[in-house]
Amino acid sequence: MILQDLYIYPVKSLGGIRLREATTETRGLRYDRRWVLVDTHNQFMTQRQTPAMALLRVAPAHNGFLLTHAQRPDLRPLYIPFEATPEHTLFVTIWDDMVFGWRGSPAADEWLTEALGRTCKLVYMPDMARRDVEPALNPEGQLVSFADGYPFLLIGQSALDELNARLADPVPMDRFRPNLVFSGGPAFGEDTWEQFRIGEVIFRAVRACGRCVLTTIDQQTARKSPSSEPLRTLAGYRTVDGKVLFGQNVTVSRTGRLRVGDVVEVLSLKW
28 MILQDLYIYP VKSLGGIRLR EATTETRGLR YDRRWVLVDT HNQFMTQRQT PAMALLRVAP
88 AHNGFLLTHA QRPDLRPLYI PFEATPEHTL FVTIWDDMVF GWRGSPAADE WLTEALGRTC
148 KLVYMPDMAR RDVEPALNPE GQLVSFADGY PFLLIGQSAL DELNARLADP VPMDRFRPNL
208 VFSGGPAFGE DTWEQFRIGE VIFRAVRACG RCVLTTIDQQ TARKSPSSEP LRTLAGYRTV
268 DGKVLFGQNV TVSRTGRLRV GDVVEVLSLK W
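Per the working numbering, the very first residue in the sequence shown carries number 28; after that it's consecutive.
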């Protein structure tokens with residue numbers, strides 16, 4: 028098995044950047060989901076409530092990235108640095124957590140508000156902010172960025188291929204927003220993994236990832252599937268304890284550098 032793809036999503040729920048190599052940190056891949064959009068109540072925003080976020084594309088730039096709108100060529104590209112400066116602070120509510128953050132620029136807030144048609148603010152998570160992975164499954168005290176709950180999401184290409192064989196209209200991997208995609212091995216074989224190594228980095232697969240309505244949103248058009256696919260098909264054979272599972276939530280035990288083409292080696296199994 029080999030590492031096929033690497034992705035970061037600098038702003039939670041916006042487009043991703045495909046990488047050839049990346050540095051792992053306790054919170055996830057470097058620069059992954061360190062920015063988040065919040066509403067007027069400082070609640071985090073995602074495509075679940077605002078599907079138009081899928082139309083905001085992200086491209087790498089010097090020490091940062093550019094945002095563009097797929098359907099609004101009148102909006103000039105917006106440059107965002109990978110790291111913010113501490114001019115204005117606030118607390119962001121994300122799920123059950125309240126997290127300290129730094130405000131982005133007023134110009135960024137204006138651009139994003141215009142692009143999405145609703146008032147929003149851009150907020151950065153500095154290194155001094157602490158957000159823990161859920162305590163019951165986190166004996167090592169791992170941290171997480173503005174990702175939903177875990178630092179990394181791992182998906183096997185074989186799992187997507189198996190799902191697509193069941194669908195009338197196959198879906199691309201971007202519906203599931205992974206960080207790590209590997210090729211080789213049986214479909215859903217990663218369900219049994221406990222510890223595994225990719226190149227020099229050692230990971231722990233904590234639990235399967237419960238999927239939501241976001242998987243039904245076409246990332247190119249921001250339209251929801253009228254038939255609720257692929258979630259509907261997944262629910263037919265990947266539901267456990269009321270959750271539809273696809274991919275593995277992962278933490279890191281030994282950080283390092285990852286490169287596409289690195290060998291993926293299973294070190295121990297859950298069963």
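The C-beta atom is built at its ideal place from N, Cα and C for all residues, glycine as well.
DSSP, read as helix, strand or coil, puts Ala235 in strand. Lys297 sits exposed, since fewer than 16 C-beta atoms from the chains shown fall within 10 Å of its C-beta.
Separation of Asn276 and Arg234 (C-alpha to C-alpha, rounded to the nearest whole angstrom) is 5 Å.
Annotation for Ala214: Ser185, Ala186 and Glu189 place their beta carbon closer than 6 Å to its own, counting only its chain and skipping 5 residues before and after.
The bridge partners DSSP lists for Ser40 come to none. In summary, Arg130 is buried, with 16 or more beta-carbon neighbours lying within 10 Å of its beta-carbon over all protein chains present. If you draw a straight line from the Cα of Pro162 to the Cα of Leu181, it comes to about 21 Å.
Given a length threshold of 3 residues, each whole run of the beta strand (DSSP E) inside the segment 38-124 is given here in chain order: 44-46, 48-52, 62-65, 83-88, 91-96, 105-108 and 116-121. If you ignore the 5 residues before and after Gly128, its C-beta comes within less than 8 Å of the C-beta of Val63, Thr116, Leu117, Phe118, Val119, Val150, Tyr151, Met152, Pro153 and Ala156, all in its own chain and listed in chain order. Annotation for Gln184: the continuous alpha helix (DSSP H) segment containing it runs Gln184 to Asn191. Following the DSSP letters along the chain, one finds Gly274 inside the beta strand (DSSP E) bounded by residues Lys270 to Arg281.
In the three-state reduction of the DSSP assignment, Tyr264 falls in the helix class. With a beta-carbon spacing of about 6 Å, Phe223 and Glu292 fall inside the 8 Å limit used to define contacts.
An exposed status is given to Gly144, since fewer than 16 other beta-carbon atoms sit within 10 Å of its beta-carbon. Per the C-alpha coordinates, the member of Glu221, Ser295, Thr243 and Met200 positioned closest to Arg45 is Met200.
Look at the beta carbons and you see the segment 55-71 touching the segment 101-117: at least three pairs across the two are nearer than 8 Å. In the displayed model, Leu139 falls within a helix according to three-state DSSP.
In this structure Arg99 does not touch Val126 by the C-beta definition: roughly 30 Å separates them, more than the 8 Å allowed. Taking a contact as a CB-CB distance under 8 Å, the pair Arg286 and Glu52 does not count as one, their CB atoms being some 16 Å apart.
Burial state of Asn206 is buried, judged by a 10 Å Cβ sphere holding 16 or more other Cβ atoms.
A Cβ-Cβ distance of about 6 Å is found for the pair Leu194 and Pro257, placing them in contact under the 8 Å criterion. Taken through DSSP and simplified to helix, strand or coil, Glu292 comes out as strand.
Shown here, Glu221 sits in a strand according to DSSP, grouped into three states. Distance from the CA of Cys239 to the CA of Gln246, rounded to the nearest whole angstrom, comes to 15 Å. In this model, Thr242 and Gly283 are separated by some 30 Å (Cα to Cα). Taking a 10 Å sphere around the C-beta of Ser255, we find fewer than 16 other C-beta atoms and assign the residue as exposed. Note that the C-beta distance between Leu272 and Thr266 is below 9 Å. By the beta-carbon neighbour count (other beta carbons within 10 angstroms, threshold 16), Gln169 is buried. Excluding five sequence positions before and after Cys236, the CB atoms of its chain that fall closer than 7 Å to its own CB belong to Leu180, Leu272, Phe273, Gly274, Gln275 and Asn276, given in chain order.
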